[in-house]
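S.K.: Right, I'll just put the structure down here and ask away after.
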Amino acid sequence: MKRTLLASTALVAMSGAAYAQGVTLSGWAEMGIAAGSDGNAMFHQDVDVSFKMEAMTDAGLTFGTAVDLDEDAGAVGSDDAGVAAYVKGPFGNITLGDTDGGFDWSMAEVGGAGAIADNHTGHAGYNGNSGLDGNGGNDGQILRYDNSFGGLGVALSYEQEDMGSNGDIIGAGVTGGFGDVSLGVGFQTHDNANIAGASVSATFGDISGGLNYSRLSHDTDGDTTHLGVGATYATGGTTVNVNFGQTDVAGMESTGFGVAAQYDLGGGAKVQFGYGNSQNADDTDEDTWSLGLAMGF
Numbered sequence: 296m297k298r299t300l301l302a303s304t305a306l307v308a309m310s311g312a313a314y315a316q317g318v319t320l321s322g323w324a325e326m327g328i329a330a331g332s333d334g335n336a337m338f339h340q341d342v343d344v345s346f347k348m349e350a351m352t353d354a355g356l357t358f359g360t361a362v363d364l365d366e367d368a369g370a371v372g373s374d375d376a377g378v379a380a381y382v383k384g385p386f387g388n389i390t391l392g393d394t395d396g397g398f399d400w401s402m403a404e405v406g407g408a409g410a411i412a413d414n415h416t417g418h419a420g421y422n423g424n425s426g427l428d429g430n431g432g433n434d435g436q437i438l439r440y441d442n443s444f445g446g447l448g449v450a451l452s453y454e455q456e457d458m459g460s461n462g463d464i465i466g467a468g469v470t471g472g473f474g475d476v477s478l479g480v481g482f483q484t485h486d487n488a489n490i491a492g493a494s495v496s497a498t499f500g501d502i503s504g505g506l507n508y509s510r511l512s513h514d515t516d517g518d519t520t521h522l523g524v525g526a527t528y529a530t531g532g533t534t535v536n537v538n539f540g541q542t543d544v545a546g547m548e549s550t551g552f553g554v555a556a557q558y559d560l561g562g563g564a565k566v567q568f569g570y571g572n573s574q575n576a577d578d579t580d581e582d583t584w585s586l587g588l589a590m591g592f
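For what it's worth, the numbering used here labels the leading residue of the sequence shown as 296, then goes sequentially.
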């Protein structure tokens, strides 16, 4: 999963505020303590501001843009910004910029709840399904078309070769819903590499869960497979997620699991705890954790 504007899971629900017709400002902030794999706990702060501008033509065609500005004051060189523009209508949606390719668009993730340092989704066994987006030096500027037909969704994506890359990246995805169960299938290709995957997710009352599997085939570097499974329990203001994953890179296996718990204080504020454990292919064992307050605006 890339940190994208238009197709990513937010850590904090953002209500947003309209300052003028068609212009919306929203964002979130985090503060707390986080410990990396070295075991040293440090202050953590992260701020994200998003602008969305949208309007409509006389014929009913919707067009807009989104700008995301992220400043992580707790990490060096972590400034991040993304921009995407889009057009949508009866024909579907066309997006260009910092957005997900067809593979990522179709695949469900297994992380839930939230943690200020994303520890539960940062372990060696987790895969955010970004596929080949930005692979080989490409700049991650993706053109994607997506549309839905009843319970069926389809997407096609194209990322042009950028300086230093090895060719264009083409992706496709299909999603479908059957009652409380959702399925997704995605594919991407780039130069001498291909990735294919499938996911299933379901919700039953207070419990939701998912499973995803992907296989990356490379002509010279061998195959990489990933399997992830997770479950989330939400009741009242409390949400808890547990997830486990395994990654095999040319016969070298890494595993990991994560736990996240949050309590909604109301008004957009949530207390969050996260933990991640990694069992790396080189037999090293790493633990990370965080505790703090996430604030959505």
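The C-beta atom is built at its ideal place from N, Cα and C for all residues, glycine as well. Every value quoted in this text rests on a predicted model; they were computed, and no experiment measured them.
Select from 491, 592, 380 and 540 the residue whose C-alpha is nearest the C-alpha of residue 575.
M.R.: 540
S.K.: Tell me, to the nearest whole angstrom, how far the beta carbon of residue 401 is from that of residue 479; I am working on the premise that it is less than 8 Å.
M.R.: 4 Å
S.K.: Measuring only the C-alpha atoms, how far is residue 338 from residue 486?
M.R.: Rounded to the nearest angstrom, the two C-alpha atoms are 42 Å apart.
S.K.: Please name the residue, chosen from 524, 520 and 325, that lies closest to residue 413 on a Cα-to-Cα basis.
M.R.: A check of alpha carbon separations from residue 413 across 524, 520 and 325 identifies 325 as the nearest.
S.K.: How long is the line joining the alpha carbons of residue 345 and residue 562, rounded to whole angstroms?
M.R.: Their Cα atoms are separated by approximately 19 Å.
S.K.: Just to confirm the assignment: which complete beta strand (DSSP E) runs, minimum length 3, are found wholly within the region 339-395?
M.R.: 357-366, 375-384 and 387-393
S.K.: Could you tell me the boundaries of the beta strand (DSSP E) in which residue 501 lies?
M.R.: Premise fails: residue 501 is in no beta strand (DSSP E) and is neither H nor E.
S.K.: Report yes or no: do three or more beta-carbon pairs, one from the region 520-535 and one from the region 504-512, lie closer than 8 Å?
M.R.: yes
S.K.: How long is the line joining the alpha carbons of residue 535 and residue 572, rounded to whole angstroms?
M.R.: 17 Å
S.K.: Going by alpha carbons, who is nearest to residue 395 out of 429, 502, 577 and 564?
M.R.: 429
S.K.: I want to know whether the region 416-424 touches the region 510-520 - three or more CB-CB distances under 8 Å.
M.R.: no
S.K.: In whole angstroms, what is the alpha-carbon distance linking residue 470 and residue 335?
M.R.: 42 Å
S.K.: Roughly how many angstroms separate the alpha carbons of residue 526 and residue 559, rounded to a whole number?
M.R.: 19 Å
S.K.: Could you round the C-beta distance between residue 392 and residue 455 to whole angstroms and report it? I think they count as a contact, below 8 Å.
M.R.: Actually they do not touch by this definition, with Cβ atoms about 12 Å apart.
S.K.: Relative to the alpha-carbon of residue 441, which residue among 481, 427 and 461 has its alpha-carbon at the smallest distance?
M.R.: 481
S.K.: Would you please state the rounded distance, in angstroms, between the beta carbons of residue 420 and residue 551? I believe it to be under 8 Å.
M.R.: 3 Å
S.K.: If residue 377 sits next to residue 588, beta carbons under 8 Å apart, how far is it from one beta carbon to the other, in whole angstroms?
M.R.: 25 Å between Cβ atoms; not a contact.
S.K.: Return the first residue and the last residue of the beta strand (DSSP E) that residue 397 is part of.
M.R.: That residue, residue 397, is in no beta strand (DSSP E); its alpha helix (DSSP H) goes 397-401.
S.K.: Considering Cα atoms alone, identify which of 353, 348, 354 and 356 is closest to residue 362.
M.R.: Here the closest residue by C-alpha is 348.
S.K.: Below 6 Å CB to CB, which residues in the same chain sit around residue 461 once its five sequence neighbours on both sides are set aside?
M.R.: 431 and 486
S.K.: Return the bridge partner residues of residue 452 from the DSSP annotation.
M.R.: 439 and 466
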